[in-house]
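So in the numbering used here, spot 108 of the sequence shown is number 128, and the numbers just go up one at a time.
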Amino acid sequence: MPAGLNVAIIGAGMGGLASAAALRKAGHTVTVYEQAQQFTRLGAGIQIGCNAMHVLRGLGLEPHLRAETFYPRSWNNRDWRTGEVLFDMLFGQPAEDKCGAPYLLAHRGDLHAALASIVPAELVQLDHELVGLDQTARGVRVSFTNSRSTLADAVVAADGVNSVARAILFGEAEPHFTGRIAYRTVYPAARLAGFDMGDCTKWWGEDRHIVMYPVKPDRSEVYFVTSQPEPGFNLESWSTKGDVSVLRAAFEGCTSARWSIAIRWNIGSTATSPCRAMPAIR
Ligand SMILES: Cc1cc2nc3c(=O)[nH]c(=O)nc-3n(C[C@H](O)[C@H](O)[C@H](O)COP(=O)(O)OP(=O)(O)OC[C@H]3O[C@@H](n4cnc5c(N)ncnc54)[C@H](O)[C@@H]3O)c2cc1C
Numbered sequence: 021m022p023a024g025l026n027v028a029i030i031g032a033g034m035g036g037l038a039s040a041a042a043l044r045k046a047g048h049t050v051t052v053y054e055q056a057q058q059f060t061r062l063g064a065g066i067q068i069g070c071n072a073m074h075v076l077r078g079l080g081l082e083p084h085l086r087a088e089t090f091y092p093r094s095w096n097n098r099d100w101r102t103g104e105v106l107f108d109m110l111f112g113q114p115a116e117d118k119c120g121a122p123y124l125l126a127h128r129g130d131l132h133a134a135l136a137s138i139v140p141a142e143l144v145q146l147d148h149e150l151v152g153l154d155q156t157a158r159g160v161r162v163s164f165t166n167s168r169s170t171l172a173d174a175v176v177a178a179d180g181v182n183s184v185a186r187a188i189l190f191g192e193a194e195p196h197f198t199g200r201i202a203y204r205t206v207y208p209a210a211r212l213a214g215f216d217m218g219d220c221t222k223w224w225g226e227d228r229h230i231v232m233y234p235v236k237p238d239r240s241e242v243y244f245v246t247s248q249p250e251p252g253f254n255l256e257s258w259s260t261k262g263d264v265s266v267l268r269a270a271f272e273g274c275t276s277a278r279w280s281i282a283i284r285w286n287i288g289s290t291a292t293s294p295c296r297a298m299p300a301i302r
């Protein structure tokens, strides 16, 4: 790609902001168009793999992320009834030595804020929801629902799993529902009342599991997420509220994990991820 292009990036999520920062480093002019009216600390826990950390290091974010996220010793896999350790998958220094970058556990909102901090605010156009992409002799015409439009040499579609850009270019894709959903939340660690959940623990049931890990270096915030069958569920959203009694009933057999600290949570979903829904406790 020749330097000096005028690039329109659709979506100011992880991919959009990272692309914006990388393209600016490569000498391009970028504008990011985001449908939301403001940035907020959305989402719950997110894993930052060693390969992603190589990219984030290149963007100058490694010191910030090491300071803001949790560095786990391992992923500890346990039986959900007895708590017996089934397999302790090492991360921490061994993973860093092997892969050349750390493996970190974060709040999605904190990773998003870190990426936003390296893209000048004036390059992000909020309240711009993509509605049209048209190739013209002078470039790509990018149109938004607010009636504005712009011309760009190139467009990067980073508008997430329900991408409008993808639908414009390749047609609508029906989501594939696996019949599984995930409940999720982030909450203060004080609610664990001294329960030792380890660095990152997965409690395995026969057809469902719970994962918990801290998302802050001082362990002050805990991420909780499940995966479970719920074949009749067909809602698509990152923010629909779920019912804690349904969650409790689904994990009645789980006596090992301390998770009954739920307050209230949201249910969301993705079209293509293995889990259709990600309910969260806020
Ligand atoms: C609200 C939310 C919460 C999430 N929570 C988690 C979580 O807790 N854990 C986890 O592992 N993953 C979470 N994800 C998913 C994760 O952020 C992404 O799947 C992953 O990081 C891939 O990044 P992405 O840039 O492709 O998409 P995303 O991070 O989903 O970003 C897409 C962006 O595009 C914007 N957008 C969408 N359509 C348009 C449009 N037509 N015009 C303009 N902008 C548009 C969206 O508002 C969003 O900001 C969440 C995503 C969202 C949107």
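Just so it is clear, CB atoms sit at the ideal spot from N, CA and C, and this is done for glycine as well.
Nearest-angstrom Cβ-Cβ length linking residue i and residue j, presumed shorter than 8 angstroms
i	j	result
Ala28	Ala172	4 angstroms
Ala178	Leu25	Not really, about 16 angstroms apart at Cβ, beyond 8 angstroms.
Leu62	Arg128	7 angstroms
Gly150	Val184	One detail in the question is off: residue 150 reads as Leu in this sequence, not Gly. Contact holds; Cβ gap of about 5 angstroms.
Lys261	Phe90	With 8 angstroms as the limit, Lys261 and Phe90 do not qualify as a contact, their Cβ atoms being about 27 angstroms apart.
Leu37	Ala136	6 angstroms
Leu125	Cys274	About 21 angstroms; that fails the 8 angstroms criterion.
Val242	Val264	Not quite, the Cβ-Cβ distance comes to about 16 angstroms (not below 8 angstroms), so this is no contact.
Trp224	Asp99	6 angstroms
Val176	Ala41	Rounded, the Cβ-Cβ distance is 12 angstroms, inconsistent with contact.
Thr51	Leu143	6 angstroms
Ala64	Arg204	5 angstroms
Leu76	Leu85	6 angstroms
Arg239	Ala209	5 angstroms
Extent of the continuous beta strand (DSSP E) to which residue i belongs
i	result
Glu241	Glu241 to Pro249
Leu143	Neither: Leu143 is in no beta strand (DSSP E) and is coded neither H nor E.
Arg98	Ser94 to Asp99
Cβ-based burial, residue i [other Cβ within 10 Å; buried from 16]
i	result
Lys45	exposed
Ser39	buried
Glu250	buried
Pro83	exposed
Leu106	exposed
Asn96	buried
Leu189	exposed
Met217	buried
Leu131	buried
Ser257	exposed
Thr102	exposed
Glu226	exposed
His48	buried
Glu272	exposed
Gln55	buried
Ala134	buried
Ser247	buried
Ala23	exposed
Bridge-paired residues (DSSP) for residue i
i	result
His127	Gly65
Ser163	Gly152 and Ser169
Lys118	Paired residue(s): none; Lys118 is not in a bridge.
Phe90	Leu125
Val175	Ala28
Val206	Tyr243
Arg200	Pro249
Thr102	Partner(s): none; Thr102 has no beta bridge.
Gly275	Per the sequence presented here, residue 275 reads as Thr, with Gly not at that position. According to DSSP, Thr275 bridges with nothing at all.
Limits of the unbroken alpha helix (DSSP H) element including residue i
i	result
Leu110	Element bounds for Leu110: not the alpha helix (DSSP H) but the beta strand (DSSP E), Val105 to Leu110.
Ala270	Val264 to Ala270
Val184	Val184 to Phe190
- Pick out the complete beta strand (DSSP E) segments inside the region 208-237, 3 residues or longer, and give them in chain order. 221-224 and 229-234
- Message: Which complete alpha helix (DSSP H) runs does the region 37-81 hold, if anything under 4 residues is left out?
- Response: 70-78
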